[in-house]
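Student: Numbering (the numbering used here), first residue to last: 212 to 635.
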Amino acid sequence: MAVSDPAEGVGAAVAPRMGPAEFVAFVALSLVAGAVAVDMMLPALLPLGEDLGLADSNRGQAVIAVFVLGVGASQLLFGPLSDRYGRRPLFIAGVLLLVAGSAAGALAQDFQALLVARLLQGIGAGAQRVVTFSVVRDLHAGPQMTRVMSLAMAVVLLEPIVAPLLGQLILLFASWRWIVAAVAVVGGISLGWALWRLEESLPVARRRSLSPRSLAAAYRTVVRTRVAFVCMIVCGLVMGAHLGFLSSAQAIFQRTFDAGLHFTPLLALVSLAMSAAAFANARLVRRFGSAELIRAALYVLVTVSAVALVLAVAGRITLPVFLAVQACNMFVFGMLLPNLTAMSMSPLGSIAGTASSMFGFVSMTVGALLGGLVGQFFDGTLRPVLGAYVILGVTALLVLRQLGGEEEAPVGHSAKNELTVGDC
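#1: Does the Cβ-Cβ distance between Ala563 and Ser345 come in under 8 Å?
#2: Rounded to the nearest angstrom, what separates Tyr600 and Val536 at their Cα positions?
#3: Based on Cα-Cα distance, which residue from Met252, Val238, Ala236, Gly451 lies nearest to Leu478?
#4: Taking the continuous alpha helix (DSSP H) assigned at His473, which residues delimit it?
#5: What is the DSSP secondary structure of Thr343, reduced to helix, strand or coil?
#6: My output table needs one value for Ser386: the three-state DSSP class, helix, strand or coil.
#7: May I ask which residues mark the beginning and end of the alpha helix (DSSP H) holding Thr552?
#8: Would you mind working out which of Leu242, Gly604, Leu259, Gly297 sits nearest Arg417, comparing C-alpha positions?
#9: Could you spell out the range, first to last residue, of the alpha helix (DSSP H) harbouring Pro258?
#10: With a 10 Å radius around its C-beta and 16 neighbouring C-beta atoms as the bar for buried, classify Asp349 as buried or exposed.
#11: In terms of alpha-carbon separation, which member of Thr529, Gln320, Thr467, Ser516 lies closest to Val543?
#12: What is the residue span of the alpha helix (DSSP H) that Ile303 lies within?
#13: Alpha carbon to alpha carbon, how far is Thr475 from Arg435?
#14: Does Leu483 come out as helix, strand or coil in the three-state DSSP assignment?
#15: Could you tell me whether the stretch 311–330 touches the stretch 287–295, using the rule of 3 or more Cβ pairs below 8 Å?
#16: Where Ser625 and Tyr430 are concerned, what is the direct C-alpha to C-alpha distance, given to the nearest angstrom?
#17: How big is the Cα-Cα spacing for Gln584 and Gly455?
#18: Under three-state DSSP, which class holds Arg527?
#19: Under a Cβ-count criterion, where at least 16 other Cβ atoms within 10 Å of its own Cβ denotes burial, should Trp387 be classed as buried or exposed?
#20: Which of helix, strand or coil does DSSP assign to Arg419?
#21: Under the rule that 16 or more other beta-carbon atoms within 10 Å means buried, what is Arg228, buried or exposed?
#22: Considering Glu233, what are the terminal residues of the alpha helix (DSSP H) in which it resides?
#23: Give the C-beta separation of Val247 and Val397 to the nearest angstrom, bearing in mind that I take them to be a contact with Cβ-Cβ under 8 Å.
#24: Can you tell me which of the three DSSP states Phe588 falls into?
#25: With distance defined between alpha-carbon atoms, name the residue in Gln320, Ser241, Pro354 nearest to Leu265.
#26: If you reduce the DSSP assignment to three classes, tell me which class His453 lands in.
#27: Judging by CA-CA distance, which residue of Val341, Ile275, Val279 is the nearest neighbour of Ser555?
#28: State the start and end residues of the unbroken alpha helix (DSSP H) segment that holds Gln355.
#29: Between which two residues does the alpha helix (DSSP H) harbouring Gly598 extend?
#30: For Leu509 versus Leu402, is the C-beta distance shorter than 8 Å?
#31: Considering only the alpha carbon of each residue, which of Val366, Thr467, Thr343, Ile400 lies closest to Glu410?
#32: Give the C-beta separation of Arg295 and Arg419 to the nearest angstrom, bearing in mind that I take them to be a contact with Cβ-Cβ under 8 Å.
#33: Taking just the CA atoms, how far does Phe490 sit from Val367?
#34: If we call anything under 8 Å between Cβ atoms a contact, is Val636 one with Leu326?
#35: Going by C-alpha to C-alpha distance, which of Ser361, Leu457, Val524 sits closest to Gly578?
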């Protein structure tokens with residue numbers, strides 16, 4: 212799979228050791244490592260709160276928010292470092308941090324120590340995530356990048372179906388600590404694969420300086436590239452609604468609907484829609500383009516959630532209705548994520564590491580803060596979660612309108628916004 216980037220004109224072709232199918236699988240596993248640390252923990256939120264003596268059961272949700280904050284914040288550091296020192300060493304360093312955080316979390320004796328370990332896990336997952344996106348952008352651009360991301364996401368989005376079930380299974384035979392430790396297993400597989408098959412995708416000639424002037428210029432380019440920055444904000448808003456649901460999911464199914472141990476199968480059922488969306492998106496993006504798909508998905512999200520909110524306020528929403536609503540929202544999320552990622556990254560190929568770090572920082576930090584806030588408002592009803600989908604969905608549409616006619620700009624780059632090697 213020899214790949215060059217003629218649209219960028221930034222260097223020699225890169226010939227990776229992996230074939231197309233293996234590359235998609237590697238990208239998927241690299242992203243799964245971070246996702247597992249969230250989804251496998253969902254069944255453990257109430258048990259770990261009881262084990263660590265938390266008076267307020269909602270406080271257990273902090274293990275999700277802290278991890279996501281670590282993922283987002285760390286990318287600001289690892290993105291520029293990967294632009295300077297290459298992708299492979301930073302990827303390996305990130306996986307090692309993820310494994311170390313998993314070990315520390317499994318041994319934590321109090322809630323504060325667990326939060327520190329989860330933060331370390333998040334930092335490692337953030338490094339792995341930002342480098343993975345950068346490698347994809349090194350090798351692909353435009354619709355081809357969207358297709359690669361969609362196929363990888365289709366695999367990644369099967370994880371929310373399997374991970375909570377595995378977490379619940381572990382809890383039947385062991386404590387929540389084994390769930391934290393299990394993340395190290397996924398990290399170990401990713402590490403072995405990278406050491407064996409991952410070659411450096413960033414040629415030395417394309418590496419950037421870490422001088423303050425160079426970093427300031429790179430981040431200024433990201434912010435000034437309106438398509439990229441707007442998509443980052445939109446992704447953060449959508450991520451906030453999604454994380455708000457995930458952090459409240461166990462309480463919704465087990466308390467609001469009294470589903471008991473059926474929580475994890477029900478969550479897996481609605482999560483199937485995300486993977487289906489990613490597979491569909493890989494085909495639809497060729498016909499309609501990312502911008503149209505993003506806009507249509509947001510309208511569906513707001514409309515469906517608004518109708519469900521009215522039913523919830525009237526006390527007329529049942530478990531089957533909520534499952535249908537949430538499956539629809541999950542499908543929308545599965546459509547939005549690969550398209551927003553590709554639209555943010557495509558116009559910034561020469562600073563892919565910095566662009567990926569900024570995308571991760573903005574989307575994950577905004578998402579974590581909003582998701583944590585939504586979780587804290589949980590009151591035993593569906594109103595906070597559905598209200599968040601509506602409010603954040605409408606806000607995302609308003610932000611998206613700032614693009615005007617620039618939505619398709621990622622495929623055609625603007626010279627004034629693109630850094631050159633001489634800017635270093």
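Here a beta-carbon is modelled for each residue, glycine too, at the ideal position from N, C-alpha and C.
Tutor: Taking the geometry as given:
#1: Here residue 563 is taken as the residue at index 352 of the sequence shown, counted from 1. Here residue 345 is taken as the residue at index 134 of the sequence shown, counted from 1. Contact: yes.
#2: The residue you call residue 600 lines up with position 389 of the sequence shown. The residue you call residue 536 lines up with position 325 of the sequence shown. Straight-line Cα distance between these residues: approximately 11 Å.
#3: Here residue 478 corresponds to residue number 267 of the sequence shown, with the count starting at 1. With distances taken between Cα atoms, Leu478 lies closest to Met252.
#4: Translated into positions along the sequence shown, residue 473 becomes position 262. First-last for His473: undefined, no H or E at that position.
#5: The count along the sequence shown starts at 1 and reaches residue 343 at position 132. Thr343: helix per DSSP, three-state reduction.
#6: Working through the sequence shown from its first residue, we reach residue 386 at position 175. Coil, per DSSP.
#7: Here residue 552 refers to the residue found at position 341 when the sequence shown is read from its first residue. Segment 530–556, the alpha helix (DSSP H) holding Thr552.
#8: As a position in the sequence shown, residue 417 is number 206, starting the count at 1. Ranking Leu242, Gly604, Leu259, Gly297 by Cα distance to Arg417 puts Gly297 first.
#9: Your numbering for residue 258 matches position 47 in the sequence shown. 256–262 is the span of the alpha helix (DSSP H), which, as asked, contains Pro258.
#10: Taking the first residue of the sequence shown as 1, we reach residue 349 at position 138. Buried, by the Cβ-count rule.
#11: For the purposes of this step, residue 543 is taken as residue 332 along the sequence shown, with counting starting at 1. The residue with the shortest Cα to Cα distance from Val543 is Ser516.
#12: Mapped onto the sequence shown, residue 303 falls at position 92. Run containing Ile303: 298–318, per the alpha helix (DSSP H) assignment.
#13: Working through the sequence shown from its first residue, we reach residue 475 at position 264. Working through the sequence shown from its first residue, we reach residue 435 at position 224. Taking the straight line joining both Cα atoms gives about 43 Å.
#14: Translated into the one-based positions of the sequence shown, residue 483 becomes position 272. The answer is helix: DSSP assigns Leu483 an H, G or I state.
#15: no
#16: Looking up residue 625 in the sequence shown gives position 414. Looking up residue 430 in the sequence shown gives position 219. A caution first: Ser625 carries a pLDDT of 38, below 50, which makes its placement in the model unreliable, though a value can still be read off. C-alpha separation (whole angstroms): 16 Å.
#17: Residue 584 sits at position 373 when you count from the first residue of the sequence shown. Residue 455 sits at position 244 when you count from the first residue of the sequence shown. It is Leu, not Gln, that sits at residue 584 in the sequence shown. If I take the Cα positions, the gap works out to 7 Å.
#18: For this step, residue 527 is matched to residue 316 along the sequence shown. Arg527: coil per DSSP, three-state reduction.
#19: Taking the sequence shown and counting its residues from 1, the one referred to as residue 387 is at position 176. Buried: at least 16 other Cβ atoms inside 10 Å.
#20: For this step, residue 419 is matched to residue 208 along the sequence shown. In the structure shown, Arg419 sits in coil (DSSP, three-state: anything other than H, G, I, E or B).
#21: Counting from 1 along the sequence shown, the entry for residue 228 is found at position 17. With fewer than 16 Cβ atoms within 10 Å of its Cβ, Arg228 is classed as exposed.
#22: To locate residue 233, count along the sequence shown from 1; it is residue 22. 231–250 is the extent of the alpha helix (DSSP H) around Glu233.
#23: Position 36 of the sequence shown, counting from 1, holds the residue named residue 247. Position 186 of the sequence shown, counting from 1, holds the residue named residue 397. Val247 to Val397, Cβ: 5 Å. Contact.
#24: Locating residue 588 in the sequence shown gives position 377, where the first residue counts as 1. DSSP places Phe588 in coil when its eight states are reduced to three.
#25: Taking the sequence shown and counting its residues from 1, one reaches residue 265 at position 54. The candidate whose alpha carbon is nearest that of Leu265 is Gln320.
#26: Reading the sequence shown from its first residue, position 242 is the one you call residue 453. The answer is helix: DSSP assigns His453 an H, G or I state.
#27: Your numbering for residue 555 matches position 344 in the sequence shown. Among Val341, Ile275, Val279, the Cα nearest to that of Ser555 is on Val341.
#28: Counting from one through the sequence shown, the residue named residue 355 turns up at place 144. That run of the alpha helix (DSSP H) goes 353–367.
#29: Here the question's residue 598 lines up with position 387 in the sequence shown. Here the alpha helix (DSSP H) through Gly598 covers 594–611.
#30: Here residue 509 is taken as the residue at index 298 of the sequence shown, counted from 1. Here residue 402 is taken as the residue at index 191 of the sequence shown, counted from 1. Their beta carbons are not under 8 Å apart, which means Leu509 does not touch Leu402 by this criterion.
#31: The count along the sequence shown starts at 1 and reaches residue 410 at position 199. Among Val366, Thr467, Thr343, Ile400, the Cα nearest to that of Glu410 is on Thr343.
#32: By 1-based counting over the sequence shown, the position of residue 295 is 84. By 1-based counting over the sequence shown, the position of residue 419 is 208. Contact holds; Cβ gap of about 6 Å.
#33: Here residue 367 corresponds to residue number 156 of the sequence shown, with the count starting at 1. Here residue 490 corresponds to residue number 279 of the sequence shown, with the count starting at 1. Answer to the nearest angstrom: the Cα atoms are 11 Å apart.
#34: Because the chain spans 212 through 635 in this model, residue 636 falls outside it and cannot be assessed.
#35: Counting from one through the sequence shown, the residue named residue 578 turns up at place 367. Measuring from the Cα of Gly578, the nearest candidate turns out to be Leu457.
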